[in-house]
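A.B. asks: Attaching a single structure in structure tokens format; questions to follow.
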Amino acid sequence: MTRTGGVSVLGAGVVGICCARFLQKEGFDVTLIDRDEPGTGTSSGNLGMICSLETSLPLPSMRVLCGAPKMLLDPYGALVVRWRHLPHLLPWLARFVRNAAPSRRWGHAQVMATLMRNTVMAYDSLIEGSSARGLIRHDGAVVVYETDDGFAADAGERAMLKRLGADFDELEGAAIHDLEPALAPNFVRGVHHRGCAQTHSPLGLSLALLDDFRRDGGTIRRANASAISVDAGQSPVIETDCGAIPTESLVVSCGAWSGRLAASVGLKVPLEAERGYHMAVPGFDSGLRRPIIHGESNIGLTQMIEGLRIGGTVELAGLEAPPTPGRAQRIYDVGRRMLADPEHAATAALSDWMGYRPTLPDYLPAIGPSPHHANLWFAFGHQHVGLSLAARTGQLIATLLAGRSPDIDLEPFRVDRFGP
Ligand SMILES: Cc1cc2nc3c(=O)[nH]c(=O)nc-3n(C[C@H](O)[C@H](O)[C@H](O)COP(=O)(O)OP(=O)(O)OC[C@H]3O[C@@H](n4cnc5c(N)ncnc54)[C@H](O)[C@@H]3O)c2cc1C
């Protein structure tokens, strides 16, 4: 089917790429615009997990609030605020605290579950007949605990996940090692999340989808957008360093930078960048079969095609501050010790990386139309699960632009839900 009318997708991270590809499948003539090489931003450096219901619980919780003072005192801890950024961050933090209230959190978890339920299915439909198919496996992911106390502390979270319908098995002692023989023997408890899939090359996945996009007539343009406007006929115009780019419809999917562009059309969106780090051990084969998360520290290990990747943690420092020296090294130090043979990983060359998780304070993404402009759409704010949700988001955006009703209620994901 070919539709008349062009759609521009601004921002070619994995969310924008999936939007572009699903729109193309709907018959739209699509142009994907990015200031950098498509797919090479935050979407390239994640841990490759395509999570399902097991990541429906938002980060703000009473437990995180209670643990925050201790965490914040450790400059390399799991959650860090750079104090210079604090004045800017305070309104976002205030909302974060409000959203930690148990009833609000449970409400948001139920809403998030409506999105998370079909993440893997959305990818499966996107990669049908694509070379991307060989880059996704369906073996689940495992959370492992060094202590019974650590495992017990997450019991409430697991109970909520069960209520949401998440599919997992609890593991003990030798069963962990049977599932993942490359892990160190000191893990006493574990959880095998069966619904989680994995790509062992996040960048490779984006590039394969981009090949499909190009092959089917999609256009890719390089331009840095400074603002968006809408002309008298309701057609969006993207102001860029290469001049104004008028378009019939526009989807904004610029990850952590989307808030600035939304502001240019009068939408105040409290978007923060949760910076995360990884250390890559290129060429190193850890023998791990699935993504592994350290339950006590939340640091994750994923065997990629290129080598082992160890990543995680949250640093609230905005979009401009340079990476914190030593932070990726600390993550690596924890992650390496999770392996049966940590010395082996220590012999390889290392490369560190930092990315920006785009996060709204209720931990729900913004997916849907602009409240004021007929041909303007938003798809951003996917926090820790942007890779997981990219295909699902693309599917929903394409459904909306095609004029059909989505299969879930998108009201809670409205871009203007935080007020004017
Ligand atoms: C350490 C770490 C581990 C993670 N692990 C996982 C995981 O295992 N599973 C998971 O689901 N998620 C994970 N995530 C989260 C995930 O990576 C992000 O949610 C996701 O990449 C966001 O994708 P995006 O397309 O919205 O943004 P991005 O990948 O940041 O893409 C945005 C694009 O917009 C472009 N852009 C921005 N501003 C402009 C402008 N003004 N003009 C033109 N172009 C512009 C950028 O150049 C970029 O290409 C992880 C994140 C981190 C940091």
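If you read the sequence shown in our numbering, its first letter stands for residue 32, the second for the next number, and so on. Note that beta-carbon positions come from the ideal geometry of N, C-alpha and C, so glycine has one too.
Where do the N-terminal and C-terminal ends of the beta strand (DSSP E) with aspartate 200 fall, by residue?
C.D. replies: Taken as a continuous stretch (DSSP letters only), the beta strand (DSSP E) holding aspartate 200 covers 199-203.
A.B. asks: Have a look at Ser401, Arg388, Ser382 and Asn217 and flag the residue whose alpha-carbon is nearest the alpha-carbon of tyrosine 363.
C.D. replies: The shortest Cα separation from tyrosine 363 among Ser401, Arg388, Ser382 and Asn217 belongs to Ser382.
A.B. asks: Touching or not, the stretch 324-344 and the stretch 164-178, by the rule of three or more beta carbon pairs under 8 Å?
C.D. replies: Verdict: yes, contact present.
A.B. asks: In the stretch 192-265, which residue ranges form an unbroken alpha helix (DSSP H) of at least 4 residues, counting only runs that do not cross its ends?
C.D. replies: Complete alpha helix (DSSP H) runs here, min 4: 205-210 and 233-246.
A.B. asks: Which of the three DSSP states, helix, strand or coil, is assigned to glutamate 85?
C.D. replies: The answer is helix: DSSP assigns glutamate 85 an H, G or I state.
A.B. asks: Would the beta-carbon of serine 436 fall within 8 Å of that of leucine 370?
C.D. replies: Contact flag unset, no.
A.B. asks: Is arginine 66 near ligand 1, in the sense that its beta carbon is under 7 Å from a heavy atom of that ligand?
C.D. replies: Yes, the beta carbon of arginine 66 sits closer than 7 Å to at least one heavy atom of ligand 1.
A.B. asks: Tell me whether glycine 357 is buried or exposed, calling it buried when 16 or more other Cβ atoms sit within 10 Å of its Cβ.
C.D. replies: Exposed: under 16 other Cβ atoms inside 10 Å.
A.B. asks: Only counting the same chain, and skipping five residues up and downstream in sequence, which positions put a Cβ closer than 6 Å to that of leucine 195?
C.D. replies: Closer than 6 Å at Cβ, skipping near neighbours: Leu84, Ser87 and Ala144.
A.B. asks: Taking C-alpha atoms, which residue in Cys273, Met310, Ser295 and Glu203 lies nearest to valine 283?
C.D. replies: Of the listed residues, the one whose Cα sits closest to valine 283 is Ser295.
A.B. asks: Tell me whether glycine 331 sits in a helix, a strand or coil according to DSSP, three-state version.
C.D. replies: In this structure, glycine 331 counts as strand in the three-state DSSP scheme.
A.B. asks: Can the beta-carbon of alanine 397 be found less than 8 Å from the beta-carbon of valine 261?
C.D. replies: Not a contact, by the Cβ cut-off of 8 Å.
A.B. asks: By the DSSP assignment, the beta strand (DSSP E) with threonine 355 in it spans what residues?
C.D. replies: From DSSP, threonine 355 is part of no beta strand (DSSP E); its letter is neither H nor E.
A.B. asks: Beta carbon of alanine 405: closer than 7 Å to some heavy atom of ligand 1?
C.D. replies: Not so, every heavy atom of ligand 1 lies at least 7 Å from the Cβ.
A.B. asks: Is there at least one non-hydrogen atom of ligand 1 closer than 7 Å to the beta-carbon of glutamine 141?
C.D. replies: No, the Cβ of glutamine 141 stays beyond 7 Å of every heavy atom of ligand 1.
A.B. asks: Does ligand 1 have a heavy atom nearer than 7 Å to the CB of glycine 181?
C.D. replies: Incorrect: glycine 181 has no Cβ contact closer than 7 Å to ligand 1.
A.B. asks: With distances taken between CB atoms, is the gap from tyrosine 176 to glycine 108 smaller than 8 Å?
C.D. replies: Taking 8 Å as the Cβ cut-off, tyrosine 176 and glycine 108 do not qualify as a contacting pair.
A.B. asks: What's the call for tryptophan 408, buried or exposed, on a 16-neighbour Cβ count within 10 Å?
C.D. replies: Label assigned to tryptophan 408: buried.
A.B. asks: Using 10 angstroms around the beta-carbon of alanine 380, count the other beta-carbons present and answer buried if the total reaches 16, otherwise exposed.
C.D. replies: Classification of alanine 380: exposed, given that the 10 Å Cβ count is below 16.
A.B. asks: DSSP beta-bridge partners for threonine 271?
C.D. replies: Paired residue(s): Ala256 and Gly274.
A.B. asks: Please classify aspartate 65: is it buried, with 16 or more other beta-carbons within 10 angstroms of its beta-carbon, or exposed?
C.D. replies: Result: buried.
A.B. asks: For the beta strand (DSSP E) that contains cysteine 384, what are its first and last residues?
C.D. replies: The question names cysteine, but residue 384 is tryptophan in the sequence shown. Taken as a continuous stretch (DSSP letters only), the beta strand (DSSP E) holding tryptophan 384 covers 382-390.
A.B. asks: At a threshold of 7 Å, does serine 419 count as lining ligand 1 (C-beta to nearest heavy atom)?
C.D. replies: Serine 419: yes, Cβ under 7 Å from ligand 1.
A.B. asks: Which runs of the alpha helix (DSSP H), 4 residues or longer, sit entirely within the stretch 394-448?
C.D. replies: 417-432, all fully within the stretch 394-448.
A.B. asks: Could you pull the start and end residues of the alpha helix (DSSP H) that tyrosine 308 belongs to?
C.D. replies: Not the alpha helix (DSSP H): tyrosine 308 falls in the beta strand (DSSP E), residues 303-313.
A.B. asks: Taking 8 Å as the cut-off, decide whether the C-beta atoms of glycine 286 and glycine 44 are in contact.
C.D. replies: Yes, Cβ-Cβ distance for glycine 286 and glycine 44 is below 8 Å.
A.B. asks: Using CA coordinates, which residue listed in Arg225, Asp438 and Ala206 is at the minimum distance from proline 216?
C.D. replies: Here the closest residue by C-alpha is Ala206.
A.B. asks: What's the C-alpha gap between alanine 421 and proline 233?
C.D. replies: Roughly 12 Å between the two C-alpha positions.
A.B. asks: Just confirm the distance between the C-beta atoms of serine 419 and methionine 80, as a whole number of angstroms; I'd bet it's less than 8 Å.
C.D. replies: 7 Å between Cβ atoms; contact.
A.B. asks: CB phenylalanine 59 to CB valine 46, shorter than 8 Å?
C.D. replies: Result no, Cβ atoms of phenylalanine 59 and valine 46 do not sit closer than 8 Å.
A.B. asks: What would DSSP say about threonine 33, mapped onto helix, strand or coil?
C.D. replies: Confidence at threonine 33 is low in this model, with a pLDDT of 45, below 50, so the placement of that residue is unreliable and no value is reported for it.
A.B. asks: Relative to ligand 1, is the shortest distance from any of its heavy atoms to the C-beta of asparagine 130 smaller than 7 Å?
C.D. replies: No, ligand 1 has no heavy atom inside 7 Å of this Cβ.
A.B. asks: Skipping 5 residues on each side, what residues in its chain have a beta carbon closer than 6 Å to that of cysteine 49?
C.D. replies: Cβ within range, chain order: Ala421, Ala422 and Gly425.
A.B. asks: Given a cut-off of 8 Å on the beta-carbon distance, is the pair glycine 226 and valine 151 in contact?
C.D. replies: It is a contact, given that the beta carbons lie within the stated cut-off.
A.B. asks: Shorter than 7 Å, the distance from the beta carbon of proline 122 to the closest heavy atom of ligand 1, or not?
C.D. replies: No - ligand 1 has no heavy atom lying nearer than 7 Å to the Cβ of proline 122.
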